[in-house]
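Residue numbers (my numbering): 0 to 366.
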């Protein structure tokens, strides 16, 4: 198959992937969407240069695309967003090399440079580019593995995606620089490898969606919550023989409620009873007993109640927000868990609740 056909096929797949991913419209997908856009622009540029050279790939090597310098920073920032780092203006410095090379790209291709030394400098940038690309992948992968949460399916698949891309780049470098494979064949194989990347990216954005026909309330509940809730119920039988004073229970629960209301620690998606027991300096068993006897609920029921209250407060203030983005910010990592507790607290599902707020907002706006 000719390289032109490979370009067109992958560009088409990239555009389809873009619309599938954008449909999810979640904040955590923003850099993945931009990654797809970058790949599209990179391929369109190379296709343009390919046609400019009358079907020869020689010009592609002479005028490489600057867009590829964006891919590393985008995946790095995807990882940072996944680990809940704050995004600030300093993150834009990651794109500085791209803007510098982009200007050089315009000069070399569209304006023309009479200086051969400038053109050689431009080509030298792309000789070291693979190492720049690999460095970003290694740093991102290392950070994800170091702070790995085995119960987070998005992170697990993201790590697999990074490993695939890293393996692909190493293979390309070994085969390309070592002359092990014909350069044109290697270019076609590398271009088609984006099909696999797009499958990864689409799956990443679909990771929170339940399978069709599956009862999300019963089959997608967070395993940790189920395990710990069952443990609490077993312990409740022991509490009948274990006596804590009413004052101790009341005082502990007051400190707990104050912590939840003032610090909003329930927005931390992996919050555990161990975390809170360390914060208020009591044993995990005593904390569980105080919640069970004093508040007549379980730890996760209590935490998720506050998460739902936070969600309701936020959606009332700004009903234009996406539900999938907001429940993630409030601490839920499972769509089914969120829907279960929301229906339990309000009696309606989140979509109906949001539509009701929007209707009321339109009504008040009209009058």
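Where a beta carbon is used, it is the ideal one built from N, C-alpha and C, also for glycine.
Integer-rounded CB distance, given that residue j should sit under 8 Å from residue i
{"i": "residue 344", "j": "residue 304", "result": "7 Å"}
{"i": "residue 71", "j": "residue 132", "result": "5 Å"}
{"i": "residue 136", "j": "residue 164", "result": "6 Å"}
{"i": "residue 186", "j": "residue 128", "result": "Residue 186 to residue 128, Cβ: 15 Å. No contact."}
{"i": "residue 394", "j": "residue 203", "result": "The structure shown has nothing for residue 394, since the chain only spans 0 to 366."}
{"i": "residue 64", "j": "residue 45", "result": "6 Å"}
{"i": "residue 266", "j": "residue 330", "result": "4 Å"}
Same chain, Cβ closer than 6 Å to residue i, neighbours up to 5 away in sequence not counted
{"i": "residue 307", "result": "340, 341, 344"}
{"i": "residue 373", "result": "Because the chain here runs from 0 to 366, residue 373 falls outside it and cannot be looked at."}
{"i": "residue 140", "result": "161"}
Boundaries (first-last residue) of the alpha helix (DSSP H) holding residue i
{"i": "residue 245", "result": "245–262"}
{"i": "residue 329", "result": "Unbroken run through residue 329: none, as it is neither H nor E."}
{"i": "residue 118", "result": "115–145"}
{"i": "residue 303", "result": "298–316"}
{"i": "residue 41", "result": "29–51"}
{"i": "residue 159", "result": "152–177"}
{"i": "residue 344", "result": "334–345"}
{"i": "residue 83", "result": "Per DSSP, residue 83 belongs to no alpha helix (DSSP H) and is neither H nor E."}
{"i": "residue 104", "result": "95–105"}
{"i": "residue 348", "result": "Taken as a continuous stretch (DSSP letters only), residue 348 belongs to no alpha helix (DSSP H), as it is neither H nor E."}
{"i": "residue 58", "result": "57–61"}
{"i": "residue 284", "result": "283–289"}
Sequence-distant residues of its chain with Cβ nearer than 7 Å to residue i (five each side left out)
{"i": "residue 98", "result": "none"}
{"i": "residue 215", "result": "In this prediction, residue 215 has a pLDDT of 37, which is less than 50 and means its spatial position is unreliable; nothing more can be read from the coordinates."}
{"i": "residue 346", "result": "none"}
{"i": "residue 51", "result": "58"}
{"i": "residue 361", "result": "none"}
Identity of the residue in the options nearest residue i by Cα
{"i": "residue 358", "options": "198, 192, 108, 318", "result": "318"}
{"i": "residue 81", "options": "346, 49, 154", "result": "154"}
{"i": "residue 310", "options": "285, 35, 352", "result": "352"}
{"i": "residue 59", "options": "31, 104, 32", "result": "104"}
{"i": "residue 301", "options": "74, 286, 335", "result": "286"}
{"i": "residue 356", "options": "329, 93, 334, 314", "result": "314"}
{"i": "residue 93", "options": "75, 107, 83", "result": "75"}
{"i": "residue 350", "options": "136, 321, 171", "result": "321"}
{"i": "residue 159", "options": "174, 326, 198, 129", "result": "198"}
{"i": "residue 126", "options": "61, 166, 91, 106", "result": "61"}
{"i": "residue 183", "options": "49, 332, 360, 325", "result": "49"}
Nonlocal neighbours in the same chain, by C-beta distance under 8 Å from residue i, ignoring five residues either side
{"i": "residue 148", "result": "154, 269"}
{"i": "residue 171", "result": "129, 185, 189"}
{"i": "residue 220", "result": "Any answer about residue 220 is weak, because its pLDDT of 45 lies below 50 and its placement is not dependable; what the coordinates show is given next. Only 333, 335, 336, 339 meet the Cβ criterion."}
Any non-hydrogen atom of the ligand ZN within 7 Å of residue i CB
{"i": "residue 189", "result": "The ligand ZN is not among the ligands present in this structure, which contains no ligands whatsoever."}
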